[in-house]
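The opening residue of the sequence shown carries number 97 in the working numbering; numbering runs sequentially from there.
Structure, as structure tokens:
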Amino acid sequence: MNNKVQSILHNNPVGVIASINGDGTPYTTPLHLVYDNETVYWLSSSQSQHSQNIDSQPSISLSIWSPDETNGLAGLFIQSTVGVLDQNDRQYVLGKFVERFGAIPPALESASAYSIRLGEIDTDKTSGDCVYLKQIKS
Numbered sequence: 097m098n099n100k101v102q103s104i105l106h107n108n109p110v111g112v113i114a115s116i117n118g119d120g121t122p123y124t125t126p127l128h129l130v131y132d133n134e135t136v137y138w139l140s141s142s143q144s145q146h147s148q149n150i151d152s153q154p155s156i157s158l159s160i161w162s163p164d165e166t167n168g169l170a171g172l173f174i175q176s177t178v179g180v181l182d183q184n185d186r187q188y189v190l191g192k193f194v195e196r197f198g199a200i201p202p203a204l205e206s207a208s209a210y211s212i213r214l215g216e217i218d219t220d221k222t223s224g225d226c227v228y229l230k231q232i233k234s
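Take a look at the structure:
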């Protein structure tokens, strides 16, 4: 993982996903995030609007930015396809949440786990501390 990408993910535990409503309008949701070297994860109720949107249309955009100007503004922008994780992978994500946040909030104890691959840096869009990642083509 690129050092700049790692720093943004490490320093900013909340990001905003944009999913697509059934009528084609965008829907944004702030989420607590965890990550490893290749993937970003989150927990959400399968009944939430963004989860229902993902069931119908799994393409999303994720924005993570640093509001702290003392070290300079930095942002990470990812366009990807969401994966819904099985129970074994969900346990891995629960462990990552406990590691990062200390506990699982009660509202998320039975939540589904979701993931997106980090992808590769889009050098045409990336500028300074604003990093754009594009989906890896299989």
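Using N, Cα and C, we set each Cβ at its ideal position, and we do this for glycine too.
| task | Report yes or no: do three or more beta-carbon pairs, one from the stretch 148–158 and one from the stretch 192–200, lie closer than 8 angstroms? | result | no
| message | Within a Cβ cutoff of 8 angstroms, which residues of the same chain sit near V101, ignoring the five residues on either side of it in sequence? | response | L172, L214, I217, V227, L229
| Does DSSP put I200 in a helix, in a strand, or in coil? | coil
| message | Let me confirm a value: G118 is counted as buried when at least 16 other C-beta atoms fall within 10 Å, else exposed. Which label applies? | response | exposed
| query | Is any heavy atom of the ligand SAM found at a distance shorter than 7 angstroms from the C-beta of S147? | reply | This structure does not include the ligand SAM; it has no bound ligands of any sort.
| Under the rule that 16 or more other beta-carbon atoms within 10 Å means buried, what is G198, buried or exposed? | exposed
| task | Quickly, what does DSSP pair V248 with across the bridge? List them, please. | result | The first residue shown for the chain is 97 and the last is 234, placing residue 248 beyond what the model contains.
| Close Cβ partners of T219 (< 6 angstroms) along its chain, the five nearest in sequence each way excluded | none
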